[in-house]
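Trainee: Residue numbers (the numbering used here): 7 to 137. Ideal placement from N, C-alpha and C gives every residue a C-beta, glycine not left out. Owing to the predicted nature of the structure, the values given are computational and were not obtained by experimental measurement. This is the structure I have questions about; it appears just below.
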Amino acid sequence: MLAPLIRDMIAAELPVLQAHGMSMWGYSVLLALDRSAIRTQAALAEAIGADKTRIIAILDELQQNGLIERVPDPEDRRARLLEITKEGRTRKDAVQAAIQTGEERWLGTLSAGDRATFLRVLQELSGIESS
């Protein structure tokens, strides 16, 4: 039952991402960097479920667009420390707001009780703490 909903959500998000010059992986990177203290490329790849060798091209593009910074780790020159930039946060926030507007259209079809239950169950299943 979730597969069709997920496909519809991805289809709705892709034009938003494209309008902001962002890929789904790029958006995932910015979300992860803005939400936690992830500092290395390896830790980031693990956190978002990406292959650590394939994420390099995504990080290169984000860095070229001024959305993240990568600097050598002073304690391990093989590692790169990651940080979202002000522009990266601004772009991530704009994408997130547009995506949430679309989600509100779907959630708005539910009664208040059904909406609360649906969101609580999603948070429980995904391991995300409610805010």
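Which one of Gln47, Ile54 and Lys58 has the shortest CA to CA distance from leucine 87?
Mentor: Nearest of Gln47, Ile54 and Lys58 to leucine 87, Cα basis: Gln47.
Trainee: Measure the alpha-carbon distance for alanine 51 versus proline 78 and round it to whole angstroms.
Mentor: Going from the Cα of alanine 51 to the Cα of proline 78 covers about 17 Å.
Trainee: Starting from arginine 84, trace the beta strand (DSSP E) both ways and give me its first and last residue.
Mentor: Taken as a continuous stretch (DSSP letters only), the beta strand (DSSP E) holding arginine 84 covers 82 to 90.
Trainee: Determine the direct distance from the alpha carbon of glutamine 69 to that of glutamate 75, and round the result to whole angstroms.
Mentor: The straight-line gap from Cα to Cα measures roughly 6 Å.
Trainee: How far does the alpha helix (DSSP H) with isoleucine 74 in it extend, from its first residue to its last?
Mentor: It is not in any alpha helix (DSSP H) - isoleucine 74 instead sits in the beta strand (DSSP E) that spans 74 to 79.
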